[in-house]
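Student:
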Amino acid sequence: MLRRHRTASVVLAVLLGHVVLISAQLTVQSGRTLLDATIFGTLSEAQRLVAGATDLVRGAWNGYVGLHTVSRTNRDLEAEVAALRLQLQEQHALVQQARGLERLLELRQSVDLDTVSARVIGADASPWFRTLTIDRGSRDLVDADLAVIAPAGVVGRVVGRPGLRAAQVQLLIDRNAAAGALIERTRAVGIVVGQDDPAVFSMEYVSNQEDVAVGDRVIASGADGIFPHGFTIGTVAEVSRGPELYKNIRVTPAVDFTRLEQVLVVMDNAGTQVAEGLR
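Note that the sequence shown ends on residue 278 in numbering that gives the first Met the number 0; no numbers are left out.
1. With DSSP as the reference, label Glu77 as helix, strand or coil.
2. Just mark Ser206 as buried or exposed, buried being the case when its beta carbon has 16 or more other beta carbons within 10 Å.
3. Rounded to whole angstroms, what's the CA-CA distance from Leu260 to Thr72? Just pull it up for me.
4. Sorted by chain position, which residues of the same chain lie with C-beta nearer than 7 Å to Tyr204's C-beta, five sequence neighbours on each side aside?
5. Does the beta carbon of Pro150 come closer than 8 Å to any beta carbon on chain B?
6. Looking only at its chain, what residues have a beta carbon closer than 6 Å to the beta carbon of Ala151, apart from the 5 residues adjacent to it on each side?
7. Should Val262 go down as buried or exposed, given a rule of 16 or more other Cβ atoms within 10 Å for buried?
8. Spell out the partners DSSP gives Glu203 in its beta bridges.
9. Quick check: the stretch 237-244 against the stretch 175-190, are there 3 or more CB pairs under 8 Å?
10. Please report the straight-line C-alpha distance between Ser22 and Leu55, rounded to a whole angstrom.
11. Rounded to the nearest angstrom, what separates Pro161 and Glu209 at their Cα positions?
12. Enumerate in chain order the residues of its own chain whose CB-to-CB distance from Phe226 is below 6 Å, with the five nearest sequence positions on each side excluded.
13. Which one of Arg74, Val199 and Val264 has the shortest CA to CA distance from Ala166?
14. Taking Cβ to Cβ, would you say Ala176 is nearer than 8 Å to Val192?
15. Tell me the DSSP secondary structure of Asp173 in three-state form.
16. In this structure, how does DSSP classify Asp195 when only helix, strand and coil are distinguished?
17. My output table needs one value for Leu181: the three-state DSSP class, helix, strand or coil.
18. Who pairs with Pro252 in a beta bridge, going by DSSP?
19. Tell me, please, which residues DSSP counts as bridged to Leu263.
20. Since Arg135 contacts Val115 with CB under 8 Å, what's their CB separation in whole angstroms?
21. Per DSSP, Ala166 is paired with what?
22. Taking C-beta to C-beta, are Asp215 and Ile182 nearer than 8 Å?
23. For Arg216, name the three-state secondary structure that DSSP assigns.
24. Taking the C-alpha atoms as reference points, what is the distance between Met266 and Leu140?
25. Measuring only the C-alpha atoms, how far is Thr68 from Leu48?
26. According to DSSP, is Asp111 helix, strand or coil?
27. Find the nearest neighbour of Leu170 within the set Ala198, Arg164 and Leu163, judged by alpha-carbon distance.
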């Protein structure tokens, strides 16, 4: 039995050998032998599969690298845009500051007043007091009860004892503040006082007989000896006849007290007059 299997194996090997020899001798249209063509076809198919897999891996890697590069580029661009926006804000702030200083200089040159320019360095807007802190003090000869003004009009007055390099300014919108005032159009005299509402003054002691209309400009009368005559205080927003002798008048401030950055401290109020163009 074992001999038969061995004989069959020998016969099969001989037959396969003949097939290989015949394949090696047969040619196809390309000029290759059938064996070469078979081997080439098998190997080329394997190479094609390997190349396809390689391209797939290379494409995925390039996509990852490209995506990483784009992400990094986007981060760089975002950082650059943020830096440019910051520079733009800084330049805008400098422009606004320069414009404010220019208006302050024009004011200083347009009035016959001895003034000292000051920068606002702090603010207090409690329900009871409304004040600013400026960077001028006793070394600059700043003292209590000196008027503080801005290009838009009256700001307030220095209160308390100034420090060496700083002083506190009571804003005219403080409910404890007051200033002599008059209606520019009719010269009706009264007193402007601060209210609990920081966006409005009350003008008091104006007779019911006086001619006052909405839109009339209210200016400092100078009668208080602190605020220079002629400086704008505000505009009449509401007016009505009072129940007794005096009108009810509400005045909108000319100064935006939330945006004050630079002011002038009036060092001497005696006999001062405001230039016509600033009235």
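Ideal placement from N, C-alpha and C gives every residue a C-beta, glycine not left out.
Tutor: Walking through what the data contain:
1. helix
2. exposed
3. Reading off the sequence, residue 260 comes out as Glu, not Leu. About 41 Å.
4. Gly189, Ile190 and Tyr245
5. Looking for chain B here will not work: only one protein chain is present.
6. Ala253 and Val254
7. buried
8. Ile190
9. no
10. With a pLDDT of only 48 at Ser22, under the threshold of 50, the placement of this residue in the model should not be trusted, and no figure is reported.
11. 40 Å
12. Ala146, Val153, Ala178 and Ala219
13. Val264
14. yes
15. coil
16. coil
17. strand
18. Gly233
19. Ser116 and Ile148
20. 6 Å
21. Ile133
22. yes
23. strand
24. 8 Å
25. 30 Å
26. coil
27. Ala198
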